[in-house]
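**Student:** Submitted below is the structure of interest, expressed as structure tokens.
4 protein chains.
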Amino acid sequence: MIERYQDEAIAEIWSDSHKLNLWQQTELAVVRARANLGRVPDEVNKEFARILATNPIDLGWWLQRDQEIRHDLNAFLEERSRFLPPRLQVHLHEKMTSYDTEEPAFAKMLRESSVLVKSHYNELEVILQDMASRYRYTIMNGRTHGQEAELQTFGKRCLTWLRDIRASADNLQRSEDGLRYSKLSGAIGNYGSMDPVIEKEALGILGFEPYYGATQIIPRELYAPIAQALCQLVLTLDKIATAIRLGARSGRPIYQEPFGKKQKGSSAMPNKKNTISTEQVEGMARMARAYLMMIMENIKTWEERAIEQSCVERVAWPDLFCVVVHSLRTMGRVLKGLVVYPDNMLLEIIECRGCYASGEAKEVIKELGLPLSLTAEEAYRIVQLAAFNAFEPDKEAKSVRTSIPSHLTEADELLSGFRLVPRPTPVSIQEIIAEARLKTSTQLEATKGDVQRWNRILEQIFQEQGNRDRWNRIFLPSFLLRNEAKLYCEILD
Amino acid sequence: MIERYQDEAIAEIWSDSHKLNLWQQTELAVVRARANLGRVPDEVNKEFARILATNPIDLGWWLQRDQEIRHDLNAFLEERSRFLPPRLQVHLHEKMTSYDTEEPAFAKMLRESSVLVKSHYNELEVILQDMASRYRYTIMNGRTHGQEAELQTFGKRCLTWLRDIRASADNLQRSEDGLRYSKLSGAIGNYGSMDPVIEKEALGILGFEPYYGATQIIPRELYAPIAQALCQLVLTLDKIATAIRLGARSGRPIYQEPFGKKQKGSSAMPNKKNTISTEQVEGMARMARAYLMMIMENIKTWEERAIEQSCVERVAWPDLFCVVVHSLRTMGRVLKGLVVYPDNMLLEIIECRGCYASGEAKEVIKELGLPLSLTAEEAYRIVQLAAFNAFEPDKEAKSVRTSIPSHLTEADELLSGFRLVPRPTPVSIQEIIAEARLKTSTQLEATKGDVQRWNRILEQIFQEQGNRDRWNRIFLPSFLLRNEAKLYCEILD
Amino acid sequence: MIERYQDEAIAEIWSDSHKLNLWQQTELAVVRARANLGRVPDEVNKEFARILATNPIDLGWWLQRDQEIRHDLNAFLEERSRFLPPRLQVHLHEKMTSYDTEEPAFAKMLRESSVLVKSHYNELEVILQDMASRYRYTIMNGRTHGQEAELQTFGKRCLTWLRDIRASADNLQRSEDGLRYSKLSGAIGNYGSMDPVIEKEALGILGFEPYYGATQIIPRELYAPIAQALCQLVLTLDKIATAIRLGARSGRPIYQEPFGKKQKGSSAMPNKKNTISTEQVEGMARMARAYLMMIMENIKTWEERAIEQSCVERVAWPDLFCVVVHSLRTMGRVLKGLVVYPDNMLLEIIECRGCYASGEAKEVIKELGLPLSLTAEEAYRIVQLAAFNAFEPDKEAKSVRTSIPSHLTEADELLSGFRLVPRPTPVSIQEIIAEARLKTSTQLEATKGDVQRWNRILEQIFQEQGNRDRWNRIFLPSFLLRNEAKLYCEILD
Amino acid sequence: MIERYQDEAIAEIWSDSHKLNLWQQTELAVVRARANLGRVPDEVNKEFARILATNPIDLGWWLQRDQEIRHDLNAFLEERSRFLPPRLQVHLHEKMTSYDTEEPAFAKMLRESSVLVKSHYNELEVILQDMASRYRYTIMNGRTHGQEAELQTFGKRCLTWLRDIRASADNLQRSEDGLRYSKLSGAIGNYGSMDPVIEKEALGILGFEPYYGATQIIPRELYAPIAQALCQLVLTLDKIATAIRLGARSGRPIYQEPFGKKQKGSSAMPNKKNTISTEQVEGMARMARAYLMMIMENIKTWEERAIEQSCVERVAWPDLFCVVVHSLRTMGRVLKGLVVYPDNMLLEIIECRGCYASGEAKEVIKELGLPLSLTAEEAYRIVQLAAFNAFEPDKEAKSVRTSIPSHLTEADELLSGFRLVPRPTPVSIQEIIAEARLKTSTQLEATKGDVQRWNRILEQIFQEQGNRDRWNRIFLPSFLLRNEAKLYCEILD
């Protein structure tokens, strides 16, 4: 991964120097296992370990030798042999094949990277928990299809984000089942030379169980689900990032990414506060999906193995981990510094003209209308019509909609003229319905007759004070959001 | 493709019955080619053609036979042989291999489908041309990063959409270069039995040139670019669809998908006018990308061919074409019926507080400030500060931002209270700067000293009437959009 | 999915008629839950259930209505309402949103499809267990990189296949954790109208737990891992299919797909027995990967949901399930009918000239050579040189390699001449080394001096009868495969 | 890209230092364009250019400033401004937006990388031309479905490889149409401040035409086809690599990757010559496909642009180019050093028992049998039966196939016993048919009666010397390959 998006800790895990050290750990574990089981004298084990520990691996030497013999593991063995006397050389890589040495190392690199991911994930989880608590009573429009939907709190939205990343983190946890295993079962996995007892002991030292059924390699079926889980985590972050971008749209943002005091938004337009961090997370998601595909394809190989997967794994895993960590960090930073505008949330609610309660309104009308022969279907259409009525344009707006300018100077005039027009106070479906002020709409089928009948029924309904009280209550946040407590109780506690 | 998203004409092209007819066309062309070149008597050709033409292919018979012998082309030959006397049977599929018969048929199916795509594309192009003309002078905010950017007309946005789909259509045109070719060169492509002269004649009859260098099949390198081009077209439509979804966000949509008089937006919330069509186009784009991947992978095969590609091609090509046609139709319907709100476009411009001209403003201040020792960097920071000043919240908003409710009933009160607060008239950077009213901002680094100095310089600048005039002019649409004429001239004419 | 690759049971699960029945089940469960909890009289529940049960859903009516109102769930509600008296209509979909009805239905479709997948998987597992047992002692070359590797039994290869599909099946099992949950929490998931207690009761009736933290929909994070697991299963099958294709390569196949008595391999070449079934599985894998990508992308949506995912889910899930079931069936048929040629396996072993034991040979030489100052590195190079010696071409072959024909008639002669040349008996590294017959090779660095020294040391080693016996023993299958018993014990019992 | 697979020239093109130099080129071109058009004095242009040229860009300064203001282009402008006097500062980036500077630079990086790709491609083309010439008369079995198919020369296989990469190279050429264009049209592409005349002049200086219809950026529709073409090139190389792997399978390789004198194939098995380079190309193809997907997704953005594409482009393009160049180089090295075994090719032909001519055989029998009332279908079945007869196992093989060992020691015996069995000389369909020696086969439907009848007819046919001569001729390479000359003529000349 290029430096800009690289995580140093991830890069270190996947570095050549760390990999070679892990290879050495495998070699040491096998000799130690043999000693534990009495196959070699313990002195041999100790001296072997001492010599390798005191002679650090020479990366430059290794790299050059690799280029000559075109086999990185053999080059490593040659590098290590340089320090061992012949009688110890025979124990190095004894009865092993390259991937016996490499597979436990590879699984460890996955484990270590995953630990890092989880620590970044945990930070993000805390941030979201804090947000959910802080905005427990900060009301806003829910949005489906980008349209105002029912009322909710911003805290509840944070809860759903929290739950989404938890679902993806749980998935990651489950996906790591395959990391329990590794193998030392030789060139084709049937212990041609290696004794299964030694495999078990040595893998135990390294923290693994034997995988019975390996070929020369661990089947990549064990690792592919991890890539899916990592990718999914980024996709979840991208979903959250998108919600932030959508809320940050000017002119009336409900929240915005933090913007540094020295930050510049654009080289051309100095006013810009662009959502560059959350946009970048979408880019990260594009990459994450692609790295998943690379890794999925690694399942396929020929018979007891070919080495198609190797170059892909050298690139895709560290790059995928970098993308995950970078995305977690970015979203941590964005969420932690998120600038929230509850005033604009209120304005959005007000301008949606009571529609935030349209579902409950329909249920109430349905129930109250039933004795008056109003069908469920009609209750639906009444609320629909009221909503459409509420959003009818005023005279000036209507005129702007119909007379299209035919010259740029007309656009000049339109703009300066419209600026002076006082904006009408929005009318709500709460009043339209309670006051039986439905009108026909060119956008809907309801006839004049329908509307008259409906208004009559509504008048009847709202003559009763009890109905009026009930009606007004359903537009109150405290009524509509009464059940969010359940979510807090289930998710946050 | 499931019926819901299927195009009947595409389905017909990829039907078994059409395919078998195309196979027959290949067989007929080869016999006719032999006759043309004097290799068989013309009577043979005529009778051969007459018999096959008068005996329609029995799909049921063919299907059953295919299941027995597990070879669809051989089953077809057996079906056809039933009607031919032995002396004509020898000319059926003479010296040919299955894919000699199939490849020209397959290329024709691609050609025919592509013609359909283009006709739908052409309709969409006309719609966008009309829109660009109609909204030639309808002004709106451009948006980058979801934020208000410079001023533009909606017509210009339509022009960019038009140009985008044209780019993708041109790409489709170029990608079809490979459809010029086909092959009749036998089981491994080296004319073991077939004479190259007959191939050339027969392919000419079918409308193709020979592809020298085929194996048993045409290399899928010739078709993969078409899949990319088709996919790209859908991605372009998805980009346009997304722009529409973004503009349709309530509460103040600048345009909306058409909504039928009987349409229902939601089973719960009767007020909803959801952007379901444009959202579906995003789903289509997800599919299109995946079909492209399927087809890309078909390039790979073993030696002179294996048949991995066959099942994929039976599924991916017709499904991809259906996705393309469905997306073109959907976007045609959406754009043709798009409900446009120029009044809301004006409101957006007004509420962006002059920032639509911030780029030009910076250039003017840079130029006018130069003699007064104002650096280019300072000009930038002045306009940035003015924009930040313009968006400072009023007192009520500030109070809502800082005092977070701690109970749902507080939210009730906040909502009902905020509804009554009169909304302040937005102040513009046009005035802030011209009147030298810059203030420090907690969001930016500029010190009190900086601000005082800048205001002094601004006062000096705007003492001159000429500068004031020039300044005011840059906020006029007719000034800012003077160069859009160039785009119209280049793209529409 | 096109009929050719469709599974009828899968198609039935994803049919409109089944889906609508599942929707009805949700509606019934909610009313029943209300009755259970005393919110509506039990008579209401019973009559409601009776009427809906006795009036089957009219698919045609529904489809037409859907096209008018462009909302499939509302169309379903209208269809059902036709049979309900107004006082029962109010209970239909009461306080619910469309996806409250749809989500449990969708999760059930996933569950039912998964049950089908598992039953096909189980059949395959039994077939592979049988194969592993049958071929417990049938020896063959292992192959890595397509090259002969150590010796193994075909039974052991079957064991690794078995273990691979088990790993993928276990992954599928784990991935289904998300199918425990569903939701009835209303338009944005915060129980605006619905009571959480009723959700819990109703979901319990349907076999689910509530998912706290849903928006309008269950987050697709819960389903994406299932798609990964299904895809992975196909990729595993493709890996096995590839191993079969590789073993089936003529001229000396070690096994072949079953070939029907009436089957035809090619329209041009009657001798062909093509590996069309296993090749098709590669095509299926290409599709499976693409469907996974479609489904992964469905995680993303806007805020409390948009409907980008819907069209994709209608297509990708049933198509993916069809691909999985078709691949499982195909591989079941291929493996069950696999024609195995143990004689050709033996020939392959013989022709690999003892190299099947090269790893063990190197270990033995290393150990025996240590007292004679032979390094581990030299032991490696001795066995490498012996192997290269064993494969040196004979005189005729060498001549063919160096004199390239310059005309086709020369090729005629070469072919007829070479046919008559008696093929030499292959010489084995077993003899070359034990008889100290190493020679220099142009392909390796070893000098004349090296080779002389090594031959001298080998002579010394193999003077001892004990060493000769030990040496010969390592070329015996019974020695090399002694540890395969461990695998059988761990995997099969 | 990690160093192992990185191309230094590609890395240089995509380095920060090169990118910043290209940015400077844009800035210089715009000032020069203004001078050319008389908008600024030529002295200004010259001094501006001189100062920037003589003060190299300080990468460290830029990097640090980028991190502060989070805007790389603004940081670049600030870095450059340091060296300019205020009166020249105003000309830097005058009336431009960041992507005005960046887009021409980006398109140049694509152009330069593409030139590199082509030079590597050209080397590969020459290698394949040489191979096609050298092996013009080296005969081998064609293979379809991994099975022996008709006869061909290895030269002809090289021709098809050559043609495949040419098809992909032509596609690359066509895909670059979009690189003709760039843009300087400002923040939203409508020349808010910039004059279109200056854009045209400046782009001309940089080697581009204006793209009318850009937004803030060039639509990524112009670049996506290039990614497809690059990816396709790698997929073609992977197809060729796979053919080489398949031919290199031991025990009887027809060709092999070059193997270095010091190379080691395996740490466990010293005999191994693994096909690691060609396998790596498959890994490269996995990566290439994924990078294509990343780049395809970049088409989508919001309205006049958001910046999702930027991080992807920083990673995917250089990584894709590295993958392409690495694959081209690898395949160049492999093909140039390919070790070809014409003797093994001959052995394969001989062992396929005349089936290499089965297609032509069927045509001849069909023709000669017609007067004897043999149908075309029967001619097919005769040749099929003869081929199945030819491959019937001998007694020893049959016994090995039916008696499965039940203990490892039995496997020991079987192996040592089978080694001594003399291998029968293969019998050819050439004789079976000409000598009318067809027998029934358990694998096919033909009855005893059928076979008797067919043998009788064959006897009749082959009584005539003319028919016998004609028959024998069709098994000659010089006959079967007579038309390959056409391919050489069309492709190579």
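Chains as they are written, first to last, in my numbering: chain A, 2 to 494; chain B, 2 to 494; chain C, 2 to 494; chain D, 2 to 494. Where is the CB? At the ideal position from N, CA and C, for every residue including glycine.
Check the C-beta distance from S268/C over to I227/C and give it rounded, since I have them as a contact under 8 Å.
**Tutor:** The pair is not a contact, with the Cβ atoms about 41 Å apart (cut-off 8 Å).
**Student:** Which stretch, first to last residue, makes up the beta strand (DSSP E) that contains N484/D?
**Tutor:** Element bounds for N484/D: n/a, residue is neither H nor E.
**Student:** Counting only beta-carbon separations shorter than 8 Å, does C312/A have a partner in chain D?
**Tutor:** By this cut-off, C312/A is an interface position.
**Student:** V384/B touches chain A at which residues, Cβ-Cβ below 9 Å?
**Tutor:** In chain order: M270, P271, N272.
**Student:** Is the CB of L482/B under 8 Å away from at least one CB in chain D?
**Tutor:** Output row for L482/B: interface = yes.
**Student:** Check distances from the C-beta atoms of the segment 334 to 347 of chain C to those of chain D and list, in chain order, the residues that come in under 7 Å.
**Tutor:** If the cut-off is 7 Å between Cβ atoms, the segment 334 to 347 of chain C has Y342, P343, D344, L347 near chain D.
**Student:** Look up R144/B in the DSSP assignment and say whether it is helix, strand or coil.
**Tutor:** Strand, per DSSP.
**Student:** Just reading off the alpha helix (DSSP H) that N390/D is part of, what are its end residues?
**Tutor:** Where N390/D is concerned, the enclosing alpha helix (DSSP H) stretches over 377 to 391.
**Student:** For Y138/C, would you say it is in contact with chain A, using Cβ-to-Cβ distances shorter than 8 Å as the test?
**Tutor:** It does not: the Cβ of Y138/C has no partner Cβ on chain A nearer than 8 Å.
**Student:** So which residues of chain C does V316/B contact, with C-beta pairs closer than 8 Å?
**Tutor:** Chain C residues near V316/B: M2, I3, Y6, M288, D320.
**Student:** Sort L293/D, M288/D, Q310/D, W318/D by Cα distance to E309/A and report the nearest one.
**Tutor:** The candidate whose alpha carbon is nearest that of E309/A is M288/D.
**Student:** In the DSSP assignment, find the alpha helix (DSSP H) that holds M294/A and state where it starts and stops.
**Tutor:** 277 to 298 is the extent of the alpha helix (DSSP H) around M294/A.
**Student:** What is the DSSP secondary structure of Q7/B, reduced to helix, strand or coil?
**Tutor:** Q7/B: coil per DSSP, three-state reduction.
**Student:** Can you pull the chain C residues whose beta carbon is under 7 Å from the beta carbon of V324/A, in chain order?
**Tutor:** Per Cβ cutoff of 7 Å: no residues; V324/A is ~14 Å from chain C at best.
**Student:** What runs of the alpha helix (DSSP H), each 4 residues or longer, lie entirely inside the segment 64 to 120 of chain C?
**Tutor:** The qualifying runs are 73 to 82, 87 to 90.
**Student:** To the nearest angstrom, how far is the alpha carbon of V313/C from that of M132/C?
**Tutor:** So the two alpha carbons sit approximately 39 Å from each other.
**Student:** Could you check what DSSP says for E304/C in three-state terms: helix, strand or coil?
**Tutor:** Three-state result, E304/C: coil.
**Student:** Report the rounded CA-to-CA distance for G179/B versus I166/B, giving the unit in angstroms.
**Tutor:** About 22 Å.
**Student:** May I have a chain-ordered list of the alpha helix (DSSP H) segments no shorter than 4 residues that lie completely inside the segment 433 to 458 of chain D?
**Tutor:** The qualifying runs do not exist here; there are none.
**Student:** Could you tell me the distance, in whole angstroms, from the CA atom of K449/B to the CA atom of R33/D?
**Tutor:** Cα to Cα, the separation comes out at about 39 Å.
**Student:** What does T98/C touch in chain B if you count any residue whose Cβ is under 9 Å from its own?
**Tutor:** Within 9 Å Cβ-Cβ: S267, S268, A269, M270.
**Student:** K262/A versus chain B: which residues are under 8 Å apart at the beta carbon?
**Tutor:** Near K262/A (Cβ distances below 8 Å), the residues of chain B are Q444, L445, E446.
**Student:** Exposed or buried, L60/C, counting other C-beta atoms within 10 Å across all chains shown (16 or more means buried)?
**Tutor:** L60/C is exposed by the Cβ-count criterion.
**Student:** Who are the Cβ neighbours of D101/C in its own chain at under 6 Å, not counting the five residues just before and after it?
**Tutor:** So the qualifying residues of the chain are L185.
**Student:** Are there 16 or more other CB atoms within 10 angstroms of the CB of S417/B, so buried, or fewer, so exposed?
**Tutor:** Exposed: under 16 other Cβ atoms inside 10 Å.
**Student:** Can you tell me whether T216/B is helix, strand or coil according to DSSP?
**Tutor:** Residue state, collapsed to three classes: coil.
**Student:** What's the C-alpha gap between R474/B and F463/B?
**Tutor:** If I take the Cα positions, the gap works out to 14 Å.
**Student:** Residues in its own chain within less than 8 Å of K20/B by CB, not counting five upstream and five downstream?
**Tutor:** So the qualifying residues of the chain are A106, M110.
**Student:** Which bits of chain D does L223/B rub up against, with CB to CB less than 9 Å?
**Tutor:** Those within 9 Å of L223/B in chain D are A168, N172.
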